[in-house]
Every structure is written in C-alpha cells, then in structure tokens.
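As you go down the protein sequences, you meet chains A and B in turn.
All residue numbers for the first sequence refer to UniProt numbering, where the first residue is 1 and numbers rise by one.
All residue numbers for the second sequence refer to UniProt numbering, where the first residue is 1 and numbers rise by one.
Below is one structure, written out as structure tokens, with a few remarks after it.
Number of protein chains: 2
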Amino acid sequence: MAHLQRHMVVTRRKVRAGQYLYRNGQPFRALHFVHAGFLKTCELSEDGREQVTGFRMHGDLLGVESIGLGAHTCDAVVLDDAEIWELPYPLVLDALQRIPELQVRLAAALAEEIRRDRVWMLVIGTLPAEQRVAAFLLDLASRLARLGFSARHFILRMGRADIASFLALKHETVSRALSHLEKLEYISVLRREVRLLDIPKLRACVGTPCTLQ
Amino acid sequence: MAHLQRHMVVTRRKVRAGQYLYRNGQPFRALHFVHAGFLKTCELSEDGREQVTGFRMHGDLLGVESIGLGAHTCDAVVLDDAEIWELPYPLVLDALQRIPELQVRLAAALAEEIRRDRVWMLVIGTLPAEQRVAAFLLDLASRLARLGFSARHFILRMGRADIASFLALKHETVSRALSHLEKLEYISVLRREVRLLDIPKLRACVGTPCTLQ
DNA sequence: CGAGTAGTTGATGTTAGTCAATTGACGTGG
DNA sequence: CCACGTCAATTGACTAACATCAACTACTCG
Numbered sequence: 001m002a003h004l005q006r007h008m009v010v011t012r013r014k015v016r017a018g019q020y021l022y023r024n025g026q027p028f029r030a031l032h033f034v035h036a037g038f039l040k041t042c043e044l045s046e047d048g049r050e051q052v053t054g055f056r057m058h059g060d061l062l063g064v065e066s067i068g069l070g071a072h073t074c075d076a077v078v079l080d081d082a083e084i085w086e087l088p089y090p091l092v093l094d095a096l097q098r099i100p101e102l103q104v105r106l107a108a109a110l111a112e113e114i115r116r117d118r119v120w121m122l123v124i125g126t127l128p129a130e131q132r133v134a135a136f137l138l139d140l141a142s143r144l145a146r147l148g149f150s151a152r153h154f155i156l157r158m159g160r161a162d163i164a165s166f167l168a169l170k171h172e173t174v175s176r177a178l179s180h181l182e183k184l185e186y187i188s189v190l191r192r193e194v195r196l197l198d199i200p201k202l203r204a205c206v207g208t209p210c211t212l213q
Numbered sequence: 001m002a003h004l005q006r007h008m009v010v011t012r013r014k015v016r017a018g019q020y021l022y023r024n025g026q027p028f029r030a031l032h033f034v035h036a037g038f039l040k041t042c043e044l045s046e047d048g049r050e051q052v053t054g055f056r057m058h059g060d061l062l063g064v065e066s067i068g069l070g071a072h073t074c075d076a077v078v079l080d081d082a083e084i085w086e087l088p089y090p091l092v093l094d095a096l097q098r099i100p101e102l103q104v105r106l107a108a109a110l111a112e113e114i115r116r117d118r119v120w121m122l123v124i125g126t127l128p129a130e131q132r133v134a135a136f137l138l139d140l141a142s143r144l145a146r147l148g149f150s151a152r153h154f155i156l157r158m159g160r161a162d163i164a165s166f167l168a169l170k171h172e173t174v175s176r177a178l179s180h181l182e183k184l185e186y187i188s189v190l191r192r193e194v195r196l197l198d199i200p201k202l203r204a205c206v207g208t209p210c211t212l213q
C-alpha cells in the first residue's frame, strides 16, 4: 500500500458487482484504492483469450500497471460491491513532488506487485492442480487475516471459473480439487463458503513451512 | 529502461557465464543495468522448487523487484558473459530527488515489468505448449530486433530446461515443440541456433496480428 | 581421448481437459 | 407461492496433452 490516499483529495466511487472499474483501452487518469469490496483484474489478448491476473480487496492499489501509459492495459471487474477511492494521476504526480517519501513508497508498492506476480508464476509453474488450489486458499486466508477477518472461515467472492483462470486450470479441475481437499478433511466447502480445517497440512502440501496461524 | 545510469556514477562489473549476479537473500544494495551479456532471473521456493521468471539483455534493469526490501528475493544468473552497470541504491534515491523526471521513469519501468509478467501469465494460462514456445521465440526475436540484431536468426543463450521452466513445461516438451515447428517449416533449429522462417505463421499460431517484420 | 552435459526421440503413464448429465440456488413472473 | 428458466457447481466417463522414463547422439571441456 502506498499511503497515497492520505496526501490528496480523493473521489469516492461506489461500483456495483458486475461493473467494470476500468477496461482495457480506456484512458488512464487515476490510480484506484480499494476501500471496500472485491475485484479481479483480467489480462486480455487480441484474439479474445482472457487471463485473471489477480484479486483485489481493501488496501490494494489498482491501475499501477498502466503508469507511464495513456491507457489501461487490462480490465478491472468488480466482483462484490466496492467503494473505490480515485487518486487522479496528476494529483499523484503532485504529491510525489511535495512528499519525497511517497516516491519510495510508490516504487515499493510496484515492486511488491512484481514479487507477488512472480510467486504465482512459481506456483503455476511448479505445483499440480490440487496444490495450486491449496496455495490459493492459503493466500486468500492470509490476506483476510491481515484485514482482521477470519483466516479459517470465509466466503469466496469469485466463481470457480475465475479461480481456474487465475491458476491456469479449468473450472471442473478446481471443483474436483476442492472436493478432494474436503475428502482429505483439510477444508470444508459448500458452494462459496470455505472453512480451512487443517492449515498446517494445507501449507505442507504447497511446500511452505507453516506461518499462517 | 529508466535512464538512471545517465544520472549517476556507475560501477562497471564483468560477470562470467555461470556466475550469480545476486542471489536470493543477499543484501539489496544496488539496481543493475545490463550493458552486455545475457541473464535469467529465478524465483525460488522454501522447499527447493525453482521457476525462471525472465531473461534479461542489454537495456534491461535488474533488481527492481527488491525495492523496498533489505534483501533480494530471487536469483539473477548470468547465462552469457555480461557487463553490468551497478547503480548503488542510495545514489538512485539521490538522483530521484535531484531529477524529478526520473521518478516517473522509474515508476514507468516498474509498471512495464508488471505488464510483461502479466502477458506471460496470459500466455501460460491460455496457450498450449507449442504456441507458448512460438510466443517465446517471437518475443526474443522482437527484443533482439529492437537492439538492432536480426529477428530472423539468433543464438539461444539459455538451455531447453530454462525455456521449459519459464514456459511452465518440461524440457522434452520444448524440444518436441521446436522439432514440430521445424517440421512445419515455421522455424529451423539446430541446438541453440534458431532461424524464424515464417514469422506471420508463428504470430498467427499465438493469436496476435503480425507486427514484427 | 574420455567423461560429462545438453538435446532429441520413442514408449508409456498420468494429470488435467473435454464433454455431458445432474443438482441446487436464485430470480422472475404467472 | 410456486413454476420456470438461468446460472454455478459438481460429478462421471472419456480423451488428449503433457510428463516421465529411458535410450541414444552429439557437443564441450578437462
């Protein structure tokens, strides 16, 4: 998080589920701070292929990937009614001038984004389907925990198809992986309601020492 | 490219093939501008899995993913003898203060990195093996072309295993894909020497209109 | 020259994808 | 309120793509 929203006047914008916050090709005029709600970002190809590249929630900054360009290069789709704080890009540039510390914070936020993406490349490149799904659940859980929500019990805001796209799988495969993790009693899952029953075992299966909980 | 190296004293460093430029966990002290040579970056997991996240050549800036941290979070391995210009991070911060334009350039360079990574997520998430390999060759070709080298004829600086890791495949699959593209007469390949014989057809098979050449 | 490494290719195995049927939730309008 | 249509999710049967294992070749470098 870049703390940018503390140093300028922001426009608060409510966006309903199903709406686009911005779309590929639209002019890039602002960064967007997610104050509430839930979104996904999608990369698009010329021939209509689509890849979910991430899920965003409170505290996340959207649109940074378009810095230096005139237009957005991906879609941001609201999955759960959101309140977005718009940080007009000219004001951002202003603030960066006035408060030198912000420069470093912004660069750090961008760098963190790169690191996050690369960790997912590692997950997708080296783990089989079920373990990717486990990694996804653990990531979601730890992000929710950082916001003060329960890490053990939560509602998925996205459909199986979105999870599948993000993990480079098909939705049937995600569904089977969830069912199997349930049979192992690592989780319980009913439609979009998820409970993590055995976090250490989940973490073991994605090859990381248990730090969450 | 961030033009940073034009605004400060840089240390020039020769690094031989096989050496690490930096390793996961080492203190982060500088950004690295690739003046010559060829490198790969690798993301590592706690349990020893490894993922190649990119290949770098002249004009690329390395280490940006560690901005905001005290230590590097990945490995940078030299594949072909390199000359690296070190930009000590304190001097970078200095320059950002002195030359406000650089802030924007650095942020833009970081944003470009994010966009690049996301395009590869799209490739890996939506294209089958052979088309990933075609996309890889076309990307390499266009980067070489931008540097004034031939886009139609070049030497791969990395092994099949590195290409495979980058594309989330196995090295045998890459080998077969290359052989098949050769049988189709889209390319010719002998060990590491590659010729692109039919760029439009290669581009068609990755689903992008033909812009290269 | 000989060992070691990188690449290719073939045979076989496994995982995830495809296709299809079914169930359950939700929303609308009769 | 219930019937209906729609959409999301699950599950099964089958298939295809890629991985695995193994043999072999050809460079590379002491």
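C-beta: ideal position from N, C-alpha, C; glycine also.
Since the model is a prediction, treat every value here as computed from it, not as a measurement.
Partner residues on chain B for residue i, Cβ-Cβ distance less than 7 angstroms
i              : result
glycine 125(A) : Gln51, Ser165, Ala168
CB-CB length for residue i against residue j, believed under 8 angstroms
i                : j                 : result
serine 165(A)    : glutamate 50(A)   : 7 angstroms
valine 206(B)    : alanine 134(B)    : 5 angstroms
isoleucine 99(A) : valine 15(A)      : So it is not a contact: roughly 28 angstroms between Cβ atoms.
leucine 192(B)   : isoleucine 163(B) : A quick correction: the sequence has arginine, not leucine, at residue 192(B). No, arginine 192(B) and isoleucine 163(B) are not in contact; Cβ-Cβ is about 10 angstroms, not under 8 angstroms.
leucine 31(B)    : valine 104(B)     : Not quite, the Cβ-Cβ distance comes to about 16 angstroms (not below 8 angstroms), so this is no contact.
glutamate 113(B) : isoleucine 114(A) : 5 angstroms
8 angstroms Cβ cut-off: residues of chain B touching residue i
i             : result
alanine 71(A) : Residues of chain B passing the Cβ test: none, with the nearest at roughly 12 angstroms.
Contacts of residue i in chain A (Cβ-Cβ under 7 angstroms)
i               : result
arginine 115(B) : Glu65, Thr73
proline 128(B)  : In chain order: nothing, as chain A lies at least about 12 angstroms away.
proline 100(B)  : Gln97
Closer than 8 angstroms to chain A by CB, residue i
i                 : result
glutamine 97(B)   : yes
histidine 3(B)    : no
serine 45(B)      : yes
methionine 121(B) : yes
isoleucine 199(B) : no
Residue i vs residue j beta-carbon contact at 8 angstroms
i                 : j                   : result
glycine 68(B)     : alanine 108(A)      : yes
leucine 21(A)     : alanine 76(A)       : yes
isoleucine 124(B) : alanine 168(B)      : yes
arginine 116(A)   : phenylalanine 38(A) : no
leucine 61(A)     : methionine 8(A)     : no
glutamine 5(A)    : phenylalanine 28(A) : no
valine 78(B)      : glycine 18(B)       : yes
glycine 59(A)     : leucine 147(A)      : yes
arginine 152(A)   : arginine 195(A)     : yes
alanine 71(A)     : glutamine 26(A)     : yes
Contact with chain B by residue i, beta-carbon distance below 8 angstroms
i                : result
threonine 208(A) : yes
proline 27(A)    : no
leucine 110(A)   : yes
valine 34(A)     : no
Residue i to residue j span [Cα, whole Å]
i                 : j                : result
threonine 211(A)  : leucine 181(A)   : Unreliable placement is indicated for threonine 211(A), whose pLDDT of 49 sits below 50; no coordinate value is reported for it.
alanine 111(B)    : leucine 110(A)   : 7 angstroms
arginine 56(B)    : aspartate 139(B) : 12 angstroms
leucine 44(A)     : cysteine 74(A)   : 6 angstroms
glycine 94(B)     : leucine 106(A)   : According to the sequence as given, residue 94(B) is aspartate; it is not glycine. Cα to Cα, aspartate 94(B) sits roughly 16 angstroms from leucine 106(A).
leucine 137(B)    : leucine 184(B)   : 15 angstroms
serine 150(A)     : lysine 201(A)    : 18 angstroms
glutamate 101(A)  : histidine 3(A)   : 10 angstroms
alanine 129(A)    : alanine 177(A)   : 7 angstroms
serine 179(B)     : threonine 53(B)  : 24 angstroms
arginine 13(A)    : threonine 41(A)  : 18 angstroms
aspartate 80(A)   : tyrosine 89(A)   : 25 angstroms
valine 119(A)     : glutamine 97(A)  : 32 angstroms
isoleucine 199(B) : threonine 173(B) : 21 angstroms
asparagine 24(B)  : serine 175(B)    : 29 angstroms
valine 10(A)      : glycine 63(A)    : 15 angstroms
leucine 190(A)    : lysine 170(B)    : 36 angstroms
tyrosine 186(B)   : threonine 126(A) : 29 angstroms
serine 188(A)     : leucine 197(B)   : 53 angstroms
Neighbouring residues, chain A, relative to residue i (Cβ below 9 angstroms)
i               : result
methionine 8(B) : Those within 9 angstroms of methionine 8(B) in chain A number zero; the least Cβ separation is about 16 angstroms.
arginine 118(B) : Thr41, Glu43, Gln51, Thr53, Gly54, Glu65, Thr73, Cys74, Asp117
Residues that residue i contacts on chain B, provided the C-beta gap is smaller than 9 angstroms
i              : result
alanine 107(A) : Val64, Ile67, Gly68, Leu96, Gln103, Leu106, Ala107, Leu110
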